[in-house]
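Participant:
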Amino acid sequence: MGIANRRALGSTGWSVGAVGLGGMPMSIQGRPSEEQSLATIDAALEAGGDLIDTADVYCLDDGDLGHNERLIREGLRQWGGDARVIVATKGGCTRPGGRWDTDGRPSHLRAACERSLKALGVERIDLYQLHAPDRRVPFEDSVGELARLREQGKVAHVGLSNVDVEQIRAACAIVPVQTVQNRLSPQDVRPLRDG
Numbered sequence: 098m099g100i101a102n103r104r105a106l107g108s109t110g111w112s113v114g115a116v117g118l119g120g121m122p123m124s125i126q127g128r129p130s131e132e133q134s135l136a137t138i139d140a141a142l143e144a145g146g147d148l149i150d151t152a153d154v155y156c157l158d159d160g161d162l163g164h165n166e167r168l169i170r171e172g173l174r175q176w177g178g179d180a181r182v183i184v185a186t187k188g189g190c191t192r193p194g195g196r197w198d199t200d201g202r203p204s205h206l207r208a209a210c211e212r213s214l215k216a217l218g219v220e221r222i223d224l225y226q227l228h229a230p231d232r233r234v235p236f237e238d239s240v241g242e243l244a245r246l247r248e249q250g251k252v253a254h255v256g257l258s259n260v261d262v263e264q265i266r267a268a269c270a271i272v273p274v275q276t277v278q279n280r281l282s283p284q285d286v287r288p289l290r291d292g
């Protein structure tokens, strides 16, 4: 299955290649040089890639927030191609001291979205996904804020990440959910077992 194989991205009306570029390894502990990362972005785009996945917390810690989004912005600027590239980013996590934590408070999601808009250098984010539910915040409150960001034109489409079936149903009752990005790999088959 190559990049040329196309898939609908939810009901956005967008079609993307079956293979996208995940930005996380370019910005976390052990990351390559900026030059190597930009070369990776360029190679993916030159090969026809048109979907890039990023997040505000793809960084070393809270002092480095937006690292990957800024890297993606620069990679797209340097590439300069005329093909439409969909950038999907996420909010709702933090990196205190380099640890991974959740923060699904509406105020945090709004601030994270504003930072992502600036880091990506765009007026509207193509696809904004809740990175993970926060057990300390009612899920509906977090999703409700994503719906408000969409209504205000800050994000074109909403998605979810690291959720279960009941959370997907709850979110769909609040806002059109275009994507669900869950962990699935040979090392982690829980989504196949648990739904």
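Going by this note's numbering, the letters in the sequence shown line up with residues 98 to 292, in that order.
Yeah, the Cβ is synthetic: ideal placement off N, Cα and C, and Gly gets one too.
(1) Please report the straight-line C-alpha distance between residue 107 and residue 273, rounded to a whole angstrom.
(2) Report buried or exposed for residue 98, applying the criterion of at least 16 other Cβ atoms within 10 angstroms of its Cβ.
(3) Quickly, what does DSSP pair residue 190 with across the bridge? List them, please.
(4) What separation, rounded to the nearest whole angstrom, lies between the Cα atoms of residue 280 and residue 289?
(5) Throw me the rounded Cβ distance for the residue 214 and residue 251 pair, which I believe falls under 8 Å.
(6) Determine the direct distance from the alpha carbon of residue 253 to that of residue 240, and round the result to whole angstroms.
(7) Sorted by chain position, which residues of the same chain lie with C-beta nearer than 7 Å to residue 178's C-beta, five sequence neighbours on each side aside?
(8) What does DSSP give as the partner residues of residue 254 in its beta bridges?
(9) For residue 283, which residues from the same chain have a beta carbon less than 7 Å from its beta carbon, with the 5 sequence-adjacent residues on both sides left out?
(10) What does the alpha-carbon distance come out to for the pair residue 176 and residue 226?
Facilitator: Working from what's here:
(1) 10 Å
(2) Because residue 98 sits at a pLDDT of 39, beneath the cut-off of 50, its placement in the model cannot be relied upon, and the following sentence gives the value as read from the coordinates. Result: exposed.
(3) 199
(4) 10 Å
(5) 7 Å
(6) 15 Å
(7) 142
(8) 224
(9) none
(10) 25 Å
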